[in-house]
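S.K.:
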Amino acid sequence: MTFLFAINPVSGGQDKSLWEEGIQTYFADLPHRIHQFHFDGKTDDQLLRQQITQHKPDCVVAVGGDGTLKIVATALLDTDLMLGVLPAGSANGMARELGIPPDVRGSLDALVNGSPKPVDIISVNDGDLCLHLSDIGLNAQIVKHYEQNNLRGKLGYLRSVVNVLRKRRLLRISITVGEECVHRAALMVVLANARMYGTGAVINPDGSPFDGQFEVVIFRRLSFWSILKLFWRFKPFDPKNIEIYPATSVVIETQRRAYFQIDGEYRGRITKLKADIRPGALTMLLPTT
8 MTFLFAINPV SGGQDKSLWE EGIQTYFADL PHRIHQFHFD GKTDDQLLRQ
58 QITQHKPDCV VAVGGDGTLK IVATALLDTD LMLGVLPAGS ANGMARELGI
108 PPDVRGSLDA LVNGSPKPVD IISVNDGDLC LHLSDIGLNA QIVKHYEQNN
158 LRGKLGYLRS VVNVLRKRRL LRISITVGEE CVHRAALMVV LANARMYGTG
208 AVINPDGSPF DGQFEVVIFR RLSFWSILKL FWRFKPFDPK NIEIYPATSV
258 VIETQRRAYF QIDGEYRGRI TKLKADIRPG ALTMLLPTT
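In my numbering, the protein residues as written are 8 to 296.
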């Protein structure tokens, strides 16, 4: 098998030499072929497609966080190529969700000994791709602050959380799932293709990227300290503070422009969002359970 490793050198603000050397060492005595390249942050999509054309891999492996995984996944849609992931970023929510070990050796074992499995994605606003979690409101504003201030790592994320929570505002939102339309005042609304954020906070206990649906998670009024604790708590949120609607499609409208992010990437402010599930749209090499 031929593996192409797409490495994001700045993901998580961490040196990737440990991962690069680990890949070389791991495959030294194996019959597989490997190729590695770095994203440059400017022409990532073009560079990735050139590398795929040149090396003709069986599996393209994202070496980075959720953002890196999304870049690679987007290029692999509607192809026969498999997707792998080595969780080398600061936010590795999807890798955690998929049961991929966080260390170099463990994640490579999971990759090489894994099995192909179809994974759902969410199509947002007629074509954008969400693998993991997308949201409007509070968390998207945190992502914006994190990006604008060029922060890195968990400490940088904590600084963004504290800054944004001091200025939080409720959104007036209408949400249409199937034939049902609800109106709410909420801090944020999440489209969840999984159970938890990269921090480990569980927001959607029954979520799965393999079940042909996603969940719309509505967060209502919460205190400053409740929200701060919940972002780092490894157990489900108090169900009294949230509502969860299973969906295969949804339309969300807000009275004022709301902050919006997809898979940890800030996308601006919006007043309307449409989303649909694409069951089994990607094939990933995942640990065998």
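The beta-carbon is built from N, C-alpha and C at its ideal position, and this holds for glycine as well.
Mind checking which residues open and close the alpha helix (DSSP H) that includes I78?
M.R.: Looking at the DSSP string, the run of the alpha helix (DSSP H) that includes I78 is 73-83.
S.K.: Less than 8 Å between the CB atoms is what I'm expecting for S256 and D213, so what's the real figure, rounded?
M.R.: S256 to D213, Cβ: 19 Å. No contact.
S.K.: Could you check where the alpha helix (DSSP H) with I30 kicks off and where it finishes?
M.R.: From DSSP, the alpha helix (DSSP H) with I30 extends over 24-34.
S.K.: Counting only the same chain and skipping the five closest in sequence on each side, list residues whose C-beta sits under 8 Å from that of D218.
M.R.: Closer than 8 Å at Cβ, skipping near neighbours: D127.
S.K.: In chain order, what residues of the same chain lie with their CB nearer than 7 Å to the CB of F221, ignoring the 5 residues before and after it?
M.R.: Answer for F221: I129, L198, A199, N200, A254, I284, listed in chain order.
S.K.: Where does the unbroken beta strand (DSSP E) through I143 begin, and where does it stop?
M.R.: From DSSP, the beta strand (DSSP E) with I143 extends over 140-144.
S.K.: Measure the C-alpha to C-alpha separation of A208 and D142 and round it to an integer number of angstroms.
M.R.: For A208 and D142, the distance between alpha carbons rounds to 15 Å.
S.K.: How big is the Cα-Cα spacing for M8 and P16?
M.R.: Cα to Cα, the separation comes out at about 25 Å.
S.K.: Between which two residues does the alpha helix (DSSP H) containing H62 stretch?
M.R.: Start and end: 51-62.
S.K.: Using the C-alpha atoms, what's the distance from A95 back to C66?
M.R.: Cα to Cα, the separation comes out at about 18 Å.
S.K.: From H62 to D87, what does the alpha carbon distance come to, in whole angstroms?
M.R.: Taking the straight line joining both Cα atoms gives about 15 Å.
S.K.: In the DSSP output, what is Q268 paired with across the bridge?
M.R.: D142, Y273.
S.K.: Output the distance between the C-alpha atoms of N248 and I210, rounded to the nearest integer angstrom.
M.R.: Each residue's alpha carbon lies about 11 Å from the other.
S.K.: Leaving aside the five residues before and after R177 along the sequence, list all residues of the same chain whose C-beta is less than 6 Å from its C-beta, in chain order.
M.R.: Reading off the sequence shown, one finds Leu at residue 177, where the question assumed Arg. Answer for L177: A192, listed in chain order.
S.K.: Relative to the alpha-carbon of I251, which residue among I225, I269, R264, V258 has its alpha-carbon at the smallest distance?
M.R.: Closest by alpha carbon: I225.
S.K.: If you check the beta carbons only, do L90 and L289 fall under 7 Å apart?
M.R.: In this structure, L289 lies closer than 7 Å to L90 by Cβ.
S.K.: Name the DSSP bridge partner or partners of P123?
M.R.: Answer is L292.
S.K.: Let me check understanding here. Comparing Cα to Cα, which of N132, R274, L76 lies closest to A98?
M.R.: Ranking the options by Cα distance to A98, first place goes to L76.
S.K.: With the cut-off set at 7 Å, would you say Y273 and K151 are in Cβ contact?
M.R.: Yes, the Cβ-Cβ distance between Y273 and K151 is below 7 Å.
S.K.: So A80 packs on L25, CB below 8 Å; how close in whole Å?
M.R.: That belief does not hold up - the Cβ atoms of A80 and L25 are roughly 24 Å apart, past 8 Å.
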